[in-house]
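A.B. asks: Right, I'll just put the structure down here and ask away after.
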Amino acid sequence: MRPLNGIRILDFTHVLAGPFCTRLLADMGADVVKINTKMRAAANNAPNSPYYAIWNRNKRALALNMSEDEGKDVARSLANQADVVIDNFSIGILDRWGIGFDEVCKTNDQVIYVQMSGMGAGGPWSDFVTYAPTIHALAGLTYTTGVQDGGPIGVGFSYNDHQAGLHAAVAILAGIEARRQTGKGQQIDLAQFEVGAAMIGVSLLDYFANGKVAQPCGNRPPYDKFAPHGCYACRPEGDDILDERWLAIVCRNEDEWQALCHVMGNPDWCRGEAFKTMDARCENAEALDSHINSWTKERDATTLMYALQEKGVPAGNVQTGIDLAESDPQLRAHEFIRFMEEPHPGLGVTFADRLPIYFEKTPCDTYERSRTLGEDNVSVLADWLGMSEHDVRSGEENGYLT
Amino acid sequence: MPNSRTALQQTRIVDLSDDKSIYGVKLLADMGADTVRPEISAGDLLRQRGPFDDNSGDSLWYTFFASSRRHFTVDENSSASLYELNALLGCADLCFVGKENVLAEKVNLDAARSRNPKLVVVDVSPFGSTGPWRDFKAPDLVASALGGSSGVTGDHYTPPLKLFGELNFMISGAYAATAALAGLNHARESGEGQRIEVPVHECIASSLEHVFMWYFHHEQFPNARAPALERRGSLHWTNLYVVMPTKNGQMMVTPTPNMEAQLAWLVEEGAFQDLLDPKYEELENRRQYFARLMEVLREWVATEDSEELFRKAQERHAPYGWVQTVADVAKNPQLEARSWWDSLRLGDRNLPSPGVPFQFSDTPGSVVESEWLATNGSSVLEEIGWEA
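Which chain is which? The protein sequence lines are A and B, in order. For the first sequence, my numbering begins at -3 and goes up steadily by one. For the second sequence, my numbering begins at 417 and goes up steadily by one.
Structure below.
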């Protein structure tokens, strides 16, 4: 028993933001039917692409050719059975297929209908095309993540796609709770750009209240007075940038600072006026960082991390993907990386990074590989529409279930 | 007070979160959940987080993250006051707890769950309650380092960088909200509450897009030289999205998803250089072509005006992104047209406030000012009108 058992989701999403949302819901037990079609199954939307495989685990795969009238008819019938219909196309695509909210709700007034387009419905930018890096740029995330005078760097991965997916999952579950109270479904318009803008909400308030425009500040906290607060180079393991080792160290109060001094062996400079108080340490943060760098640069990052944490100083290795996958003892203890029991027909052994939510009574420990194009045509159409295998095979031969 | 006719108006939340999940509670409170956030006598420690309003001195951090709630003071040393707080849990649907919230340590969650078996408790901590790092301290920067987000953020000339502001804990916050509503769904259907753990470390590690794919499948990518990618500035893992300087600003430029259309545009602009060379049509030269295309784009973009280039790109359905400052976002015409902003009172001023990032057709949410209950912890249950 998982917490979302019994919830049916008709999934027209693609790439990352939408599939990440429906993956979360599928991990928690919802019956997610992922729609794909031969005509669009290319690049990151190809079931044999590792990218697709990662974001579409635990879902069932239905092939539906929406350029055929019969394909649209099947989609309409499925939408009538769905608790949730979701897409992340530009606004209007599903309307053109005859399964827009206005059509679907005529026959299924229980449906939670989610559109998670880049810019949302309405407004001068409504038709704009976006990917996560576009949203990062437009929402201020690219400008603010970086170093002073260093030019925009931004987040090194598609952060906003994950956030948009999470926000869509929250919205869907809130819509289901509202339906429980009102007896009716509704439409939810999630603009990925608005999710991105919410991520700099504090800085926006600072702008409106004080007229201050947030600037990139490296690893220093943009608004709070904590020092040290940085990533410090440790002994590298080779000459390549991937061999660099770095240690994040943060002191938020006097106790943590004194503990850091203790682990460093209480060098004379620690007792100087320049570092006596938090205000002084913030004032002289550059000099402080330089002293700490001198201490860390010949030392092993992991050894230092354990020594500091043992004394109560927040410290952590900067982990690469290799570290996370191979040597992170916490992730290993929680079996964070799992391998799918059934090999993927195109990719062989595939993996799952587990849902980071631990339910005491409804554990979500089921991970099944992503499915190939139309692999679940028979089971989905039997379960949702009561179609016979013969009719499904006939639809495949006629091309609308492909 | 809860908003009227909102998605979560029947949901009662006791908010004992810390900075790792306060954003998740905000999401639910802004959708109308009836949310109370008790504070210790000295005031919520998170009220000390900057920035502050220059006029009123109020924490803007707190104003943003603790919106749409009702606050009251609990004397953490008074058994009567704590008794009342525990009684609140007997009437709640959800309770969020965080290690760094003093009151989370003071409540008796086991007793509350016995009295209220439908209660869903969402416990968000740096690493969860088990595992070798369970007692590690991990404020944002450390969480970012260990979770992997710093490892891929930054450039070769910078240290690994943490994401600006609270972006890491906004991930764990969003996960916490998801967990809470999934738990609530189960409780509504079955009558069974439960405890749910959400480790921040795993929330960050699960939101790194390409990182694990690269580790397990890097041999499939022609530009892979190792199972991990180094920090590489704004350059995306595909090598096809990067920030380029324009004549008067910065633009995130990509020739995807329609490479042919991008080439046609360059031809139209007379800026295609050698890109029509037949050698690039050979399959074995495609990588070379993509690299050359990005070089040509960089040279051309440098001659263009940012606003004009962004407009022209989007007219052609090219997903370019104009790099905007916070001030630019504050004046964005799309947010304005969609009435995204709400309004909050700070001191004696009404200020625009970031709105709710999803619009419900029938049960819209909104960011509303938090309010103080007139009474303290000893009679709060009566004042808020909760009953078991």
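Note that CB positions come from ideal geometry on N, CA and C, so glycine has one too.
Does the beta carbon of B/Cys507 fall short of 6 angstroms from some heavy atom of the ligand MG?
C.D. replies: The ligand MG is not among the ligands present in this structure, which contains no ligands whatsoever.
A.B. asks: Pairs of beta-carbons, one from the stretch 371 to 379 of chain A and one from the stretch 421 to 428 of chain B, closer than 8 angstroms: are there three or more?
C.D. replies: Result no; under three Cβ-Cβ pairs closer than 8 angstroms.
A.B. asks: Could you tell me the alpha carbon to alpha carbon distance between A/Asp23 and B/Val513, rounded to whole angstroms?
C.D. replies: Position 27 of the first sequence, counting from 1, holds the residue named residue 23 of chain A. Position 97 of the second sequence, counting from 1, holds the residue named residue 513 of chain B. If you take the alpha carbons of A/Asp23 and B/Val513, they lie about 24 angstroms apart.
A.B. asks: Given that A/Pro148 touches chain B, what residues does it touch there, using C-beta distances under 7 angstroms?
C.D. replies: What you label residue 148 of chain A is simply residue 152 of the first sequence in a count that begins at 1. Ser650, Val659, Gln666 and Val739, listed in chain order.
A.B. asks: Strictly below 9 angstroms CB to CB, what residues from chain A border B/Pro454?
C.D. replies: In the second sequence, the residue the question calls residue 454 of chain B occupies position 38. Those within 9 angstroms of B/Pro454 in chain A number zero; the least Cβ separation is about 23 angstroms.
A.B. asks: Pick out whichever of A/Pro341, A/Trp93 and A/Ile149 has its Cα sitting closest to the Cα of B/Tyr573.
C.D. replies: By 1-based counting over the second sequence, the position of residue 573 of chain B is 157. Closest by alpha carbon: A/Ile149.
A.B. asks: Using a Cβ-Cβ cutoff of less than 7 angstroms, which residues in the same chain neighbour A/Pro15 once the five nearest sequence positions on both sides are dropped?
C.D. replies: Counting from one through the first sequence, the residue named residue 15 of chain A turns up at place 19. Thr9, Trp51 and Asn52.
A.B. asks: Name the one or two DSSP bridge partners that B/Glu455 has.
C.D. replies: Reading the second sequence from its first residue, position 39 is the one you call residue 455 of chain B. For B/Glu455, which the question treats as bridged, DSSP gives the partners B/Thr489.
A.B. asks: Tell me which same chain residues have a C-beta within less than 6 angstroms of the C-beta of B/Trp630, skipping the five on either side of it?
C.D. replies: Sequence index remark: in the second sequence, residue 630 of chain B carries index 214 (1-based). For B/Trp630, where only same-chain residues beyond five positions count, the Cβ hits under 6 angstroms are Leu645.
A.B. asks: What is the rounded straight-line gap between the Cα of A/Leu327 and the Cα of A/Asp349?
C.D. replies: Working through the first sequence from its first residue, we reach residue 327 of chain A at position 331. Working through the first sequence from its first residue, we reach residue 349 of chain A at position 353. Rounded to the nearest angstrom, the two C-alpha atoms are 10 angstroms apart.
A.B. asks: Does the Cβ-Cβ distance between A/Cys227 and B/Pro575 come in under 7 angstroms?
C.D. replies: Taking the first sequence and counting its residues from 1, one reaches residue 227 of chain A at position 231. Taking the second sequence and counting its residues from 1, one reaches residue 575 of chain B at position 159. Yes. Within cutoff.
A.B. asks: Would you list, in chain order, the members of the stretch 597 to 627 of chain B that have their beta-carbon closer than 7 angstroms to a beta-carbon of chain A?
C.D. replies: Listed by position along the chain: Leu597, Ala598, Gly599, Leu600, Asn601, His602, Arg604, Glu608, Gln610, Arg611, Ile612, Glu613, Val614, Pro615, His617, Glu618, Cys619, Ala621, Ser622, Ser623, Leu624, Glu625, His626 and Val627.
A.B. asks: If you draw a straight line from the alpha carbon of A/Glu393 to that of B/Leu692, how long is it in whole angstroms?
C.D. replies: On the first sequence, position 397 is the one that residue 393 of chain A refers to. On the second sequence, position 276 is the one that residue 692 of chain B refers to. Rounded to whole angstroms, A/Glu393 to B/Leu692 spans 41 angstroms at the Cα level.
A.B. asks: Could you give the first and the last residue of the continuous alpha helix (DSSP H) run that contains A/Ala57?
C.D. replies: What you label residue 57 of chain A is simply residue 61 of the first sequence in a count that begins at 1. First-last for A/Ala57: Arg56 to Ala59, but that is the beta strand (DSSP E), not the alpha helix (DSSP H).
A.B. asks: CB-CB under 6 angstroms to B/Lys515, same chain, minus the five flanking residues each way: which ones, in chain order?
C.D. replies: Translated into the one-based positions of the second sequence, residue 515 of chain B becomes position 99. Excluding sequence neighbours, B/Lys515 sits near Ser541.
A.B. asks: Roughly how far, in whole angstroms, is the beta-carbon of B/Val627 from the beta-carbon of A/Phe153, given that I think they are within contact range, below 8 angstroms?
C.D. replies: Position 211 of the second sequence, counting from 1, holds the residue named residue 627 of chain B. Position 157 of the first sequence, counting from 1, holds the residue named residue 153 of chain A. Yes, B/Val627 and A/Phe153 are in contact; Cβ-Cβ is about 7 angstroms, under 8 angstroms.
A.B. asks: How would you write the range of the alpha helix (DSSP H) that B/Val796 sits in, first residue to last?
C.D. replies: Residue numbering aside, residue 796 of chain B sits at position 380 when the second sequence is read from its first letter. Val796 to Ile800 is the span of the alpha helix (DSSP H), which, as asked, contains B/Val796.
A.B. asks: Tell me whether B/Ile587 sits in a helix, a strand or coil according to DSSP, three-state version.
C.D. replies: To locate residue 587 of chain B, count along the second sequence from 1; it is residue 171. It is helical.
A.B. asks: Any idea if B/Arg724 is buried or exposed, counting beta-carbon neighbours within 10 angstroms, 16 or more meaning buried?
C.D. replies: Against the second sequence, residue 724 of chain B aligns to sequence position 308. According to the sequence shown, residue 724 of chain B is Glu rather than Arg. Burial call: exposed.
A.B. asks: Assign B/Gln610 to one of two classes, buried (16 or more other C-beta atoms within 10 Å of its C-beta) or exposed (fewer than that).
C.D. replies: Here residue 610 of chain B refers to the residue found at position 194 of the second sequence. Counting Cβ neighbours within 10 Å, B/Gln610 comes out buried, since at least 16 surround it.
A.B. asks: Going by alpha carbons, who is nearest to A/Lys357 out of B/Arg463, B/Asp491, B/Ser722 and B/Val537?
C.D. replies: Taking the first residue of the first sequence as 1, we reach residue 357 of chain A at position 361. The candidate whose alpha carbon is nearest that of A/Lys357 is B/Val537.
A.B. asks: Could you tell me whether the Cβ of A/Thr141 comes closer than 7 angstroms to any Cβ of chain B?
C.D. replies: One-based indexing of the first sequence puts residue 141 of chain A at position 145. Yes, A/Thr141 lies at the interface with chain B (some Cβ there is under 7 angstroms from its Cβ).
A.B. asks: On the premise that A/Ala71 lies in contact with A/Gly370, defined as a C-beta separation below 8 angstroms, what is that separation, rounded to the nearest angstrom?
C.D. replies: Within the first sequence, residue 370 of chain A is the residue found at index 374, counting from 1. Within the first sequence, residue 71 of chain A is the residue found at index 75, counting from 1. Actually they are not in contact, since the Cβ atoms of A/Gly370 and A/Ala71 sit about 14 angstroms apart, beyond 8 angstroms.
A.B. asks: Name the DSSP bridge partner or partners of A/Lys30?
C.D. replies: In the first sequence, counting from the first residue as 1, residue 30 of chain A sits at position 34. The partner list for A/Lys30 (beta bridge, DSSP) reads A/Asp7 and A/Ala57.
A.B. asks: Does the structure place the stretch 255 to 273 of chain A close enough to the stretch 193 to 205 of chain A that three or more beta carbon pairs sit under 8 angstroms?
C.D. replies: The stretch 193 to 205 of chain A is not in contact with the stretch 255 to 273 of chain A.
A.B. asks: Report the option in A/Val28, A/Asp69, A/Gly67 and A/Arg19 whose CA atom is closest to the CA atom of A/Tyr47.
C.D. replies: As a working mapping, residue 47 of chain A is identified with position 51 in the first sequence. It is A/Arg19 whose Cα lies nearest to the Cα of A/Tyr47.
A.B. asks: Residues of chain B with CB under 7 angstroms from A/Cys227, in chain order?
C.D. replies: Along the first sequence, read from residue 1 onward, the residue named residue 227 of chain A stands at position 231. By Cβ distance, chain B contributes Ala561, Ser566, Pro575 and Pro576.
A.B. asks: On the three-state DSSP scale, how would you describe A/Gln315?
C.D. replies: Here the question's residue 315 of chain A lines up with position 319 in the first sequence. Correct three-state label for A/Gln315: coil.
A.B. asks: For B/Gln775, write down the residues that DSSP places opposite it in a beta bridge.
C.D. replies: Position 359 of the second sequence, counted from the start, is the residue given in the question as residue 775 of chain B. B/Gln775 is bridged to A/Asp185.
A.B. asks: Identify the continuous beta strand (DSSP E) that holds B/Ile612 and give its terminal residues.
C.D. replies: Position 196 of the second sequence, counted from the start, is the residue given in the question as residue 612 of chain B. Segment Gln610 to Pro615, the beta strand (DSSP E) holding B/Ile612.
A.B. asks: Return no unless some Cβ of chain B is closer than 7 angstroms to the Cβ of A/Gly312.
C.D. replies: Residue 312 of chain A sits at position 316 when you count from the first residue of the first sequence. Interface residue, yes.
A.B. asks: At the level of alpha carbons, what is the spacing between A/Thr362 and B/Ile612?
C.D. replies: Position 366 of the first sequence, counted from the start, is the residue given in the question as residue 362 of chain A. Position 196 of the second sequence, counted from the start, is the residue given in the question as residue 612 of chain B. Computed Cα separation, rounded: 17 angstroms.
A.B. asks: Just to check my reading of the structure: B/Met660 and B/Val669 have Cβ atoms closer than 8 angstroms, yes? What is that Cβ distance to the nearest angstrom?
C.D. replies: To locate residue 660 of chain B, count along the second sequence from 1; it is residue 244. To locate residue 669 of chain B, count along the second sequence from 1; it is residue 253. With 8 angstroms as the limit, B/Met660 and B/Val669 qualify as a contact, their Cβ atoms being about 5 angstroms apart.
A.B. asks: Between which two residues does the alpha helix (DSSP H) harbouring A/Ile353 extend?
C.D. replies: As a position in the first sequence, residue 353 of chain A is number 357, starting the count at 1. Counting along the chain, A/Ile353 falls outside any alpha helix (DSSP H), and DSSP gives it neither H nor E.
A.B. asks: Alpha carbon to alpha carbon, what distance is there between B/Val430 and A/Gly161?
C.D. replies: Residue numbering aside, residue 161 of chain A sits at position 165 when the first sequence is read from its first letter. Residue numbering aside, residue 430 of chain B sits at position 14 when the second sequence is read from its first letter. Each residue's Cα considered, the two are about 26 angstroms apart.
A.B. asks: Return the bridge partner residues of B/Val430 from the DSSP annotation.
C.D. replies: Locating residue 430 of chain B in the second sequence gives position 14, where the first residue counts as 1. B/Val452 and B/Cys511.
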